[in-house]
Amino acid sequence: MSKELYQDAELFIRQCYEELEKSGVEERLADIHQSIQNRGTYDHTFEELEYGAKVAWRNSNRCIGRLFWNSLKVFDHRELDKEEDIRDALFDHIDYATNDGRIRATISIFRPKRLSQEIRLWNHQLLRYAGYQTEYGVIGDPASVEFTKKCQDLGWQGGGGSFDILPIVIEVDGNEPQMFDIPKDKILEVPLKHPDYSWFEDLELKWYAVPIISDMQLEIGGLHYTAAPFNGWYMETEIGARNLADEFRYNLLPTVAEAMGLNTKRNSSLWKDRALIELNQAVIHSYKTDKVNIVDHHSAAQQFQLFENKEQKCGREATGDWTWLIPPVSPASTHIFHSSYNNRMDTPNYFYQENAYTKNPSE
Ligand code: ARG
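Residues -14 to 348 in this note's numbering are what the sequence shown spells out, letter by letter.
Structural data, given as structure tokens:
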């Protein structure tokens, strides 16, 4: 019998029962011990699963949005193992989380890995834009080039545009991966416009409403949930200062700066900084006018401070990864920049796992 699994289970179950002030922990542990002896594994109750998923969020050192960890909606889909059923559950997740723009933090949990049997979603996020390698460079999102090629190998006909939503690819227990297009009516997107610059909408930029990370592994009490897509809502800098701005992503700072009439020949004109601010302002303005939840980085930092205070009151220490917690725009204007955090990884947590389609460790 796996001693290690039992030890991980015991640690988690004791924490769960103590924090939820439940009685009967010894009986539960005896059950689990028996189960691991009989069949090499054990099952979480829904209560344990829900608590585990929430605490995994609370322990996510790189996330600035953790104040809301306890309001995570947990869908238990451990009974599914047909690709079509998993697809339908994922479509339901997208609908529930999107909620016409009033985004709800949501996770859908599929059955955990057992020996070499595992469910894997090949997508990095359920909703993401394709990237096409062409002789003139990349069209679309350069971060998606590899996965886009995989989809094309599986028979996907990409439109070749800048913002084509990729299909969902589901692999069950090493079987041939199954690919499904997401119905258009499930995908909420926000066309970008600027509150003062009318030319901005002529750039024809947009982004999707809900970031649903689908390639990480949720670990609870020694069980590994290899398919457990989860989402919160966006902070504007993720879109305006990274996805659309990074040179290795959509690389739009030169385009925006030139439209603003800035001198892009001189670094000292601070054209990159000024373009960044206007791009971020456009993201906030567009999501707000379309009534799609988004948080600016100043409010997010204030919420994170509340989280830190709450954790302290509960006798815990908020762990964190400073390099990720500071926003990429005006970091020193937030308290996070002037604080330090313990980057210890507690469990339950969300971990990177081997890339499902290249079988390489992913970051
Ligand atoms: N940074 C990623 C993106 O831009 C999303 C990561 C999760 N973000 C979130 N707000 N929950 O797509």
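Backbone N, C-alpha and C define an ideal beta-carbon position, used for all residues, glycine too.
Note that the coordinates shown come from a computational prediction; the quantities given were computed from them, not determined experimentally.
Item, Value
"Proximity test, residue 307 beta-carbon vs ligand 1 heavy atom, cut-off 7 Å", "no"
"Start and end residues, alpha helix (DSSP H) containing residue 338", "Residue 338 -> no alpha helix (DSSP H), and no H or E assigned at all."
"Between the CA atoms of residue 298 and residue -8 - distance to the nearest angstrom", "29 Å"
"Proximity of residue 23 and residue 331 at Cβ, strictly below 8 Å", "no"
"Residue environment, residue 102, which counts as buried when at least 16 other CB atoms sit within 10 Å", "exposed"
"Proximity test, residue 196 beta-carbon vs ligand 1 heavy atom, cut-off 7 Å", "yes"
"Limits of the beta strand (DSSP E) - the one that residue 239 falls within", "No beta strand (DSSP E) contains residue 239, which is instead part of the alpha helix (DSSP H) from 238 to 244."
"Pair within 8 Å by beta-carbon distance, residue 155 and residue 72", "yes"
"Strand pairing of residue 157, partner residues [DSSP]", "104"
"Best match in 124, 52 and 242 for proximity to residue 284 [C-alpha to C-alpha]", "52"
"Integer Cβ distance of residue 325 from residue 309, believed to fall under 8 Å", "In fact, because the Cβ distance is near 14 Å, the residues do not count as touching under 8 Å."
"Closest Cα partner of residue 40 within the set 70, 54, 179 and 273", "54"
"For residue 119, the three-state DSSP class (helix, strand or coil)", "strand"
"Beta strand (DSSP E) segments (min. 3 residues) lying fully within the stretch 139 to 217", "153 to 157, 163 to 165, 174 to 176, 191 to 193, 202 to 205 and 208 to 210"
"Beta-carbon proximity of residue 260 to residue 241, cut-off 8 Å", "yes"
"Buried or exposed by the 16-neighbour rule on C-beta atoms within 10 Å, applied to residue 289", "buried"
"Test item: CB-CB of residue 105 and residue 211 under 8 Å", "yes"
"Residue range of the alpha helix (DSSP H) that includes residue 60", "Note, residue 60: premise wrong, no alpha helix (DSSP H); beta strand (DSSP E) at 58 to 62."
"Cβ pair residue 286, residue 319 closer than 8 Å", "yes"
"Unbroken beta strand (DSSP E) run spanning residue 95, endpoints", "91 to 95"
"Residue 349 to residue 133 span [Cα, whole Å]", "The displayed coordinates of the chain run from -14 to 348. Any statement about residue 349 would go beyond what the structure contains."
"Residues near residue 280 by beta carbon distance below 8 Å, same chain, minus five either side", "50, 218, 219, 220, 221 and 288"
"Bridge partners - residue 279, DSSP secondary structure assignment", "219"
"Residues that residue 124 bridges to, as DSSP identifies them", "117"
"Enclosing alpha helix (DSSP H) for residue 110 [first to last residue]", "That residue, residue 110, is in no alpha helix (DSSP H); it is neither H nor E in DSSP."
"Residue 114 vs residue 165 beta-carbon contact at 8 Å", "no"
"Where residue 184 falls, given that 16 or more other Cβ within 10 Å makes a residue buried", "exposed"
"As assigned by DSSP and simplified to three states, the class of residue 99", "strand"
"For residue 6, three-class secondary structure by DSSP", "coil"
"Where residue 199 falls, given that 16 or more other Cβ within 10 Å makes a residue buried", "buried"
"Range covered by the alpha helix (DSSP H) that runs through residue 261", "256 to 274"
"Cβ neighbour criterion (16 or more within 10 Å) applied to residue 251", "exposed"
"Residue 339 CB to nearest heavy atom of ligand 3 below 7 Å", "This structure lacks ligand 3; its bound ligands are ligand 1."
"Reference residue 329; option with closest CA among 305, 314 and 335", "305"
"Proximal residues to residue 275 (C-beta, below 6 Å), its chain only, five neighbours per side dropped", "175"
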